[in-house]
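Q:
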Amino acid sequence: WHNYYLRSNLTFDTFFKEHILSQGSIYQYIVGFQGAARDPLQHMLPFIFTDPIVAKEIIRYTLKEIQPAGEIPYAITGCGAIMPSIFKPSDLQLWLLWAASEYILATKDTGFLNEKIRMYPTFNGIQKEETVFSLLKLAYGYLVNKIGKGRHGLLRLSNGDWNDGIVIEYVPKKDLEEVRGEGESVLNSAMAVYVLKKYANILSMMGYHELSNNVNKFAEDLKNAAIKQWTGKWFKRAWLSEKLGWVGEDRLWLEPQPWAIISEIVDKEMLDVLVKNIEELVRKPSPIGATLLSECIKSTKSLPGVATNGGIWYSINGTLVWALAKTGNPSAWDEWKKNTLAVHAETYPSIWYGIWSGPDTYNSIYSKYPGATYFNQNLSKERNPYGLNGLNWTDFPIMNMHSHAWPLYSLMKLLNIEFTCEGVSIKPCIPKKEYSIESPLLGFKKSLNRYSGWYNPIAKGTYKLEVELPKEEIGRVSQIKVNGVKRELKIEKEKIIVEGETLEDGIKWEIVLKKGRG
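Structure (structure tokens):
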């Protein structure tokens, strides 16, 4: 169903000559823009597994938006026009680097880096072209040199990151310029540690070892800066200015927490504390997915439990599922289920949306209208934080692609899939005795005494698969097959190593266990 909805939303853009997975809902169909640029780069992630041609088109579309200095416009409107916007986010290059790196590492399609992209604008006889490799390098340069780091060694915030309202909604107008100059994002920094290591990997695959080392060094510096923002309970959210100080000391902001886990910024002691606080403060209280805040903010322009003031977001909870799976915590499966349309329909049966499709955000239990999405609750007093007076998310509360993309992508992350230069690693975290997850790129099947699967990247060759199973099960391994041929058991760092050559339909592998007791 989700795959159907994503494919149905795939639209050809006659200006960029590429298909785009627009965010849809009120953004496309009421306001009339295709954005923010980070959103299609999330919607395309499931297509890495199911249809790499589609995944590449979305990446190309974004590359064609890039400006000469490496800036990516917030949104596109009309026929290829850059939408005037108050938002100057600091995270767009990160999403591009992640999407492109994930695609290349998954499919091993390094030839994509040599493809030529016609730069914006693409009319009036302008024919300037750059390779995908050069444009990704340009985006990285913009991240390092234009966005850069602030006084705490964190990536700067500009006037927003993933959260468009982190500055515009919470900072007084008279302080906006100061914050734009001084602010730093813990979210961006934590995310960048993971993303830049992936980007460094594809640089290494292409033989650009010096640049790869420089990227890894930048990521490591961000990791060292981010770890200093640990409060003893969770990570701070952002630094605003000398006058306004830190956001996220007095309450848990969920956005940076999953990335701190995914990027392995936390040590064991921090991890236990952080997971416990996430569980108790934002996960357990909510029946349909974790809330963005542990406590709503009274002084903001948004009402309690609505949007970024403690609402519920697919985009953030998708990373939470991934982070919890990485820890091996069974709550990852529970969080995945909580964010499904089925659970929303059962919990709030009187709300017509959130059944077969939905918006990008739902009101949480802290709202007067939990399970709904944003609308003006004060008809006599407009309270839209972005100045979009008269606009309600309920005007078009379905066909937002986050509600369809993240359930698919985070399902794959329940297998702890990580694509590497050499192949792929898997550490399943689904508490079921038997299940099967299948896609053209990768499949994984679990039965009572058997694990099996396949890996079928675009570039054929010999690849290394790492399968991490519980210690008890590793001790019961009786047979391993690769492409139908028996192999000796090989274990490295508690992982079963499976190496093989791709045949017509990829590498097929099988791990057979002796029957356990009971």
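Note that this note's numbering has the sequence shown beginning at -1, numbered continuously upward. All C-beta atoms, glycine included, are put in the ideal place defined by N, C-alpha and C.
Would the beta-carbon of residue 401 fall within 8 angstroms of that of residue 356?
A: Taking the sequence shown and counting its residues from 1, one reaches residue 401 at position 403. Taking the sequence shown and counting its residues from 1, one reaches residue 356 at position 358. Yes; because the gap between Cβ atoms is below 8 angstroms, this pair is in contact.
Q: Suppose you measure from the CA of residue 234 to the CA of residue 447; what does that come to, to the nearest Å?
A: The count along the sequence shown starts at 1 and reaches residue 234 at position 236. The count along the sequence shown starts at 1 and reaches residue 447 at position 449. Computed Cα separation, rounded: 44 angstroms.
Q: Would you be able to state if there are at least three C-beta pairs under 8 angstroms between the segment 240 to 247 and the segment 269 to 288?
A: Judged by Cβ distances under 8 angstroms, the segment 269 to 288 makes no contact with the segment 240 to 247, as fewer than three pairs qualify.
Q: For the segment 225 to 234 against the segment 161 to 173, are there 3 or more C-beta pairs whose distance is under 8 angstroms?
A: With a cut-off of 8 angstroms, the segment 161 to 173 and the segment 225 to 234 do not count as touching, because too few Cβ pairs lie within range.
Q: With a threshold of 6 angstroms on Cβ separation, who are the neighbours of residue 378 within its own chain once the five nearest residues in sequence on each side are excluded?
A: Here residue 378 corresponds to residue number 380 of the sequence shown, with the count starting at 1. Confidence at residue 378 is low in this model, with a pLDDT of 46, below 50, so its placement is unreliable and the value that follows should be read with caution. Correct list: empty, nothing qualifies.
Q: May I ask you to report which of helix, strand or coil DSSP gives residue 15?
A: Within the sequence shown, the letter at position 17 stands for residue 15. Residue 15 falls in the coil class under three-state DSSP.
Q: Determine the burial state of residue 477: buried for a count of at least 16 other Cβ atoms within 10 Å of its Cβ, exposed for fewer.
A: In the sequence shown, counting from the first residue as 1, residue 477 sits at position 479. Label assigned to residue 477: exposed.
Q: At which residues does the beta strand (DSSP E) containing residue 129 begin and terminate?
A: The residue labelled residue 129 in the question sits at position 131 within the sequence shown. Per DSSP, residue 129 belongs to the beta strand (DSSP E) from 127 to 129.
Q: If you scan the segment 25 to 86 from start to end, which runs of the beta strand (DSSP E) of 3 or more residues do you find wholly inside it?
A: Runs of the beta strand (DSSP E) inside the segment 25 to 86: 31 to 33, 73 to 75.
Q: Which first and last residues belong to the beta strand (DSSP E) in which residue 477 is found?
A: In the sequence shown, residue 477 corresponds to position 479, counting from 1. 475 to 480 is the extent of the beta strand (DSSP E) around residue 477.
Q: Figure out for me which residue from 428, 420, 404 has the closest Cα to the Cα of residue 414.
A: For the purposes of this step, residue 414 is identified with residue 416 of the sequence shown, where counting begins at 1. Cα-wise, what sits closest to residue 414 is 428.
Q: If I follow the unbroken beta strand (DSSP E) through residue 266, where does it start and stop?
A: Counting from 1 along the sequence shown, the entry for residue 266 is found at position 268. Careful: residue 266 lies outside any beta strand (DSSP E), inside the alpha helix (DSSP H) at 266 to 276.
Q: Does DSSP put residue 213 in a helix, in a strand, or in coil?
A: Here residue 213 refers to the residue found at position 215 of the sequence shown. Helix.
Q: List the whole-angstrom C-beta distance separating residue 101 from residue 213, where the pair is believed to meet the contact cut-off of C-beta under 8 angstroms.
A: Here the question's residue 101 lines up with position 103 in the sequence shown. Here the question's residue 213 lines up with position 215 in the sequence shown. At roughly 17 angstroms, the Cβ-Cβ gap does not stay under 8 angstroms, so residue 101 and residue 213 are not in contact.
Q: Quick test of your reading: residue 11 and residue 21, contact by CB under 8 angstroms. State the CB separation rounded to the nearest angstrom.
A: Stepping through the sequence shown from its first residue, residue 11 is reached at position 13. Stepping through the sequence shown from its first residue, residue 21 is reached at position 23. Contact flag wrong, Cβ pair sits at about 14 angstroms.
Q: Residue 191 bridges to which residues according to DSSP?
A: Within the sequence shown, residue 191 is the residue found at index 193, counting from 1. Answer is none; residue 191 lacks a bridge partner.
Q: Take residue 17 and list the residues in its own chain whose beta-carbon comes closer than 6 angstroms to its own, dropping the five residues that flank it on each side.
A: The residue labelled residue 17 in the question sits at position 19 within the sequence shown. Once the five neighbours on either side are set aside, the close Cβ partners of residue 17 are 8, 10, 55.
Q: Counting only the same chain and skipping the five closest in sequence on each side, list residues whose C-beta sits under 7 angstroms from that of residue 277.
A: Here residue 277 refers to the residue found at position 279 of the sequence shown. If we look at residue 277 and ignore the five residues flanking it on each side, its Cβ neighbours are 329.
Q: Give the secondary structure of residue 200 by DSSP, where H, G and I count as helix, E and B as strand, and everything else as coil.
A: Counting from one through the sequence shown, the residue named residue 200 turns up at place 202. Helix at residue 200.
Q: Could you pull the start and end residues of the alpha helix (DSSP H) that residue 460 belongs to?
A: The count along the sequence shown starts at 1 and reaches residue 460 at position 462. Taken as a continuous stretch (DSSP letters only), residue 460 belongs to no alpha helix (DSSP H), being part of the beta strand (DSSP E) at 460 to 465.
Q: If we ignore side chains and look at the alpha-carbon of each, how far apart do residue 298 and residue 163 end up?
A: Along the sequence shown, read from residue 1 onward, the residue named residue 298 stands at position 300. Along the sequence shown, read from residue 1 onward, the residue named residue 163 stands at position 165. Using only the alpha carbons, I get a separation of about 10 angstroms.
Q: Of the choices 333, 359, 484, whose alpha-carbon is the least far from that of residue 412?
A: As a first step, residue 412 must be located in the sequence shown, where it is residue number 414. Taking only the C-alpha atoms, the option nearest residue 412 is 333.
Q: Please list the terminal residues of the continuous alpha helix (DSSP H) segment that includes residue 166.
A: In the sequence shown, the residue the question calls residue 166 occupies position 168. Start and end: 163 to 166.
Q: Please report the Cβ distance between residue 88 and residue 159, rounded to the nearest whole angstrom; I am assuming they are in contact, meaning their Cβ atoms lie under 8 angstroms.
A: Here residue 88 corresponds to residue number 90 of the sequence shown, with the count starting at 1. Here residue 159 corresponds to residue number 161 of the sequence shown, with the count starting at 1. Residue 88 to residue 159, Cβ: 5 angstroms. Contact.
Q: Excluding the five sequence neighbours on either side, which residues of its own chain have a C-beta within less than 7 angstroms of the C-beta of residue 30, listed in chain order?
A: Your numbering for residue 30 matches position 32 in the sequence shown. Taken in chain order, the residues that qualify are 75.
Q: Taking all protein chains shown into account, decide if residue 66 is buried (16 or more other Cβ within 10 angstroms of its Cβ) or exposed.
A: Here residue 66 refers to the residue found at position 68 of the sequence shown. Looking at its Cβ environment, which holds fewer than 16 other Cβ atoms inside 10 Å, residue 66 is exposed.
Q: Give the DSSP-derived three-state secondary structure of residue 321 in the structure shown.
A: Within the sequence shown, numbered from 1, the residue matching residue 321 stands at position 323. Of the three classes helix, strand and coil, the one that applies to residue 321 here is helix, per DSSP.
Q: Roughly how many angstroms lie between the CA atoms of residue 338 and residue 220, to the nearest whole one?
A: For the purposes of this step, residue 338 is identified with residue 340 of the sequence shown, where counting begins at 1. For the purposes of this step, residue 220 is identified with residue 222 of the sequence shown, where counting begins at 1. Roughly 34 angstroms between the two C-alpha positions.
Q: Assign residue 260 to one of three DSSP states: helix, strand, or coil.
A: Looking up residue 260 in the sequence shown gives position 262. In the structure shown, residue 260 sits in a helix (DSSP, three-state: H, G or I).
Q: With distances taken Cα to Cα, identify the nearest neighbour of residue 150 among 116, 133, 395, 223.
A: The residue labelled residue 150 in the question sits at position 152 within the sequence shown. Ranking 116, 133, 395, 223 by Cα distance to residue 150 puts 223 first.
Q: By Cβ distance below 8 angstroms, which residues in the same chain neighbour residue 204 in space, the five residues on each side in sequence not counted?
A: Translated into positions along the sequence shown, residue 204 becomes position 206. If we look at residue 204 and ignore the five residues flanking it on each side, its Cβ neighbours are 108, 111, 131.
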